[in-house]
Structures are given as C-alpha cells and as structure tokens.
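Reading through the structure tokens given below for one structure.
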Amino acid sequence: MHAVTIPEPGGPEALVWAEVPVPEPGEGEVLVEVAASAVNRADILQRQGFYDPPPGASPYPGLECSGRISALGPGVNTWAVGDEVCALLGGGGYAEQVAVPTGQLLPVPEGIDIRTAASLPEVTSTIWSNVFMVAHLRPGETLLVHGGGSGIGTMAIQLAKAVGARVAVTAGSKEKLERCAELGADILINYRDQDFVEEVRAGTDGQGADVILDIIGAKYLEQNIKALAVNGRLAIIGLQGGRKGELNLGALLAKRAAVTATSLRARPAAEKTAIVAAVREHVWPLVSDGRVRPVVDSTVPMSRATDAHRAMEESTHVGKILLTP
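Counting from 0, one number per residue, gives the positions in the sequence shown under numbering that gives the first Met the number 0.
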C-alpha cells in the first residue's frame, strides 16, 4: 500500500507519498481500507518533529479516517468486513489502509457520505471530552471558542448551540466570522482589531464566558482568565501561542475558576474508548438528524498532502481539509 511518510522532519515538502507494508490488525483491531482522512494541527507538529506518535501507534500522520473494514483481527466479533466506519487514530490516517482498535471505531452517521465522515472523529471527540465531559457546559451558559473558523471551532459552535448554550467566537477575518454566524455563533469577535475580553463581557452583560475552549495557550492565558465568568472553566487544547505563561492565581481564586489542559492522542486506550462511546451516544444522533453537520473546506489527494499542509498553515480555510487516497 501507499502512505504519507516523513523521512526527515521539516516543512510541507517533508511529506513523501511512498510504498509501505500493509499493517496487520492485532487482537481487538480491524483493518480499514481508507476512503478519506483529515488534516489536523497535530499533523503539522509531527511533520516538524515536535509531536511523535504514542508508543505502538502508526508512524504515519493522520489522527482520523473513514472507510470500510477489510479484515478482522483476533477476538473481533462486533464488526464485520464491509462495515462503513470512521475512526479516531493514534496515527496512520494518511494511508490507504490502517489498523484500528475497535474501541475507537464509529459507524458512519446516517445521512453522511463515507468520505465526509473522516472529518468527524477527532473534532467531535476533542470537543465532547473537553467542553462537556471536563468543563460541563450547560444550557444557558456562554462558550467562547478561539479559532471559530477551524475544524474544532465550526463543530464546537454547533454542538454548543445544540445543547442550548450561547457561543462567542474569535476569528481573523470578516468572511470567517460570517461563516461562524451561519453556524449559530452569537458573539463575533475579530481578534485582529477587537479585544475579546471586552467583547465577551459586553455580549454577556458583564458576566464573561462560562467555558472557554482555547487553542492558543500562553499568549491568551491572562486575557482568558479575565474573560471568564465567576465559576468559569478554561479548557486549553492547543499551544499555537506558546507553552509558558504567567497565571495570576489571585484572579483565578477571585472567580473560583478552573483551568484544565488536555490532549487526546496519547490517552490510554480505555479513555479513548470511553470518549468515543460518549460521542456515539450524544453527538451521532445530532449529526444523523441534521442539527450538527460536518464543515469541509476542501478535499486534496493524499499524494499531495504537501498542498493540504500549506493550506492549513496559511489558515485561510474554514472547517476541515480532507485527504483521499
């Protein structure tokens, strides 16, 4: 089979479409013939040499995929060859075939085509685990999403609205903010010329955001604490703005606030299985009945993954960028 390999870390040109061995599904795994994968920021970090796959995971990039089961490993009796699935991966999505633990498999949602389904596993698992399982966003509360036009952002808007929350978003262009509004965002903030702390307070009668989903990290830490409401929860899932920041514990205490930081890729299999099960229970019905829809910006041949990575780094896209073998 072919896969996107990274012989040496570097820029987008470091991605090489090459012939590699077909993986063998192990105990409790299935082999999936990949219909599509999707690009995530973590893939760029891996390409640059800053984010190695967890032990035992495929060395190729790609944290999610969709396709059809082509073989069953030992002990698998809940899935069948030919089943259409999408999957959360520790790696290996940028390939024609990938071995997947059954606990990380999801059926393709009703009404979604098999390729588009590749855009769902990573974002839904990330958002549900952080915004709902950890930060416990409730109806009537306000969620602030940084990077509202991203794959994470476009899905977070929809899921928060589906449970009855208000949504504030930051984005870097009028066009992206308009797309966020179409998805249901209530408070639109252009981070290039607006102070998101002031805008969130103004849009919430001075209360602030109950939950903040942050992909920036250190650069936004101080402002995020200021933007939180009393009893607010800050969930950090990315470090695009740096790893080290100064935290005013007095401000945190005054608001009785909480800060959490999580990643998904390196979690133990049991935790991933629990998250995927929660997504199937709570999110898949919303997708199947059309209340939540995947947002796909473009589809690129996997052999041209370099183009997809350049597009991701330019940040002109809205939603997900897909790769097809």
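Built from N, CA and C at the ideal position, the CB exists for glycine as well.
Owing to the predicted nature of the structure, the values given are computational and were not obtained by experimental measurement.
For Ser-287 and Pro-120, which I take to be in contact (beta-carbon distance under 8 Å), what is that distance rounded to the nearest angstrom? Contact flag wrong, Cβ pair sits at about 15 Å.
Check each candidate in Ile-111, Trp-127, Val-275 and name the one with the smallest Cα separation from Gly-289. Ile-111
Arg-114 (DSSP reduced to helix, strand or coil): coil
Per-residue DSSP class, three states only, for Asn-223: helix
For Arg-178, which three-state DSSP category applies? helix
At 4 residues or longer, what runs of the alpha helix (DSSP H) sit wholly inside the segment 179-264? 195-202, 220-226, 248-253
Given Gly-102 as reference, the closest of Thr-115, Gln-96, Leu-88, Glu-95 once Cα atoms are compared: Leu-88
Measuring CB to CB, does Val-210 end up less than 8 Å from Gly-183? No, the pair does not count as a contact, with Cβ atoms beyond the cut-off.
Can you name, in chain order, every residue of its own chain whose Cβ lies under 6 Å from the Cβ of Ser-36, other than the five neighbours on each side? Gly-61, Cys-64, Gly-92, Tyr-93, Ala-117, Leu-322
By a C-beta neighbour count over all protein chains shown, 10 Å radius and 16 as the cutoff for buried, is Val-229 buried or exposed? Result: exposed.
Beta-ladder partner(s) of Thr-96, from DSSP: Thr is not the amino acid found at residue 96; the sequence shown has Gln there. Gln-96 is bridged to Glu-32.
For Pro-106, which three-state DSSP category applies? strand
Pair every Cβ in the segment 155-172 with every Cβ in the segment 258-274, then say whether three or more of these pairs are closer than 8 Å. no
Cutting at 7 Å between CB atoms, please list the residues of its own chain near Asn-191, excluding the five before and the five after it. In the sequence as presented, Asn is not what sits at residue 191; that position holds Arg. The answer, listed in chain order, is Gly-171.
Spell out a yes or no on whether the segment 217-227 and the segment 240-254 are touching, meaning 3 or more CB-CB pairs, one atom from each, closer than 8 Å. Result yes; three or more Cβ-Cβ pairs closer than 8 Å.
Inter-residue spacing [alpha-carbon to alpha-carbon] between Ala-310 and Ile-214: 18 Å
For Ala-98 and Glu-174, the rounded distance between their alpha carbons: 39 Å
Given this structure, state the Cα-to-Cα distance separating Val-199 from Met-132, to the nearest angstrom. 23 Å
Which residues in the same chain as Pro-58 place their Cβ atom closer than 7 Å to its Cβ, once the five residues preceding and following it in sequence are excluded? Pro-52, Gly-90
With burial defined as no fewer than 16 other Cβ atoms inside 10 Å of the residue's Cβ, what is the status of Asp-296: buried or exposed? So Asp-296 counts as buried.
Less than 8 Å between the beta carbons of Leu-136 and Ala-208, yes or no? no
What distance in whole Å lies between the Cβ atoms of Ile-43 and Glu-312, which are believed to be in contact at a cut-off of 8 Å? 7 Å
Status (buried if at least 16 other CB within 10 Å, exposed otherwise) for Ala-250: The residue in question, Ala-250, is exposed, as its Cβ has fewer than 16 Cβ neighbours within 10 Å.
Span of the beta strand (DSSP E), counted from its first residue to its last, around Pro-120: Pro-120 -> not in any beta strand (DSSP E); alpha helix (DSSP H) instead, spanning 120-126.
By DSSP, does Pro-300 sit in helix, in strand, or in coil? In the three-state scheme derived from DSSP, where H, G and I count as helix and E and B as strand, Pro-300 is classed as strand.
With Thr-86 as the anchor, note down where its beta strand (DSSP E) starts and where it stops. It should be noted that the sequence gives Ala, not Thr, for residue 86. Its beta strand (DSSP E) spans residues 83-87.
So if DSSP puts Ile-68 in a beta bridge, which residue, or which two residues, is it bridged to? Paired residues: Val-31.
Is Val-80 buried or exposed, if buried means 16 or more other CB atoms sit within 10 Å of its CB? Exposed, because fewer than 16 other Cβ atoms sit within 10 Å of the Cβ of Val-80.
Residue(s) in a DSSP beta bridge with Gly-318: Beta-bridge pairing links Gly-318 to Ser-149.
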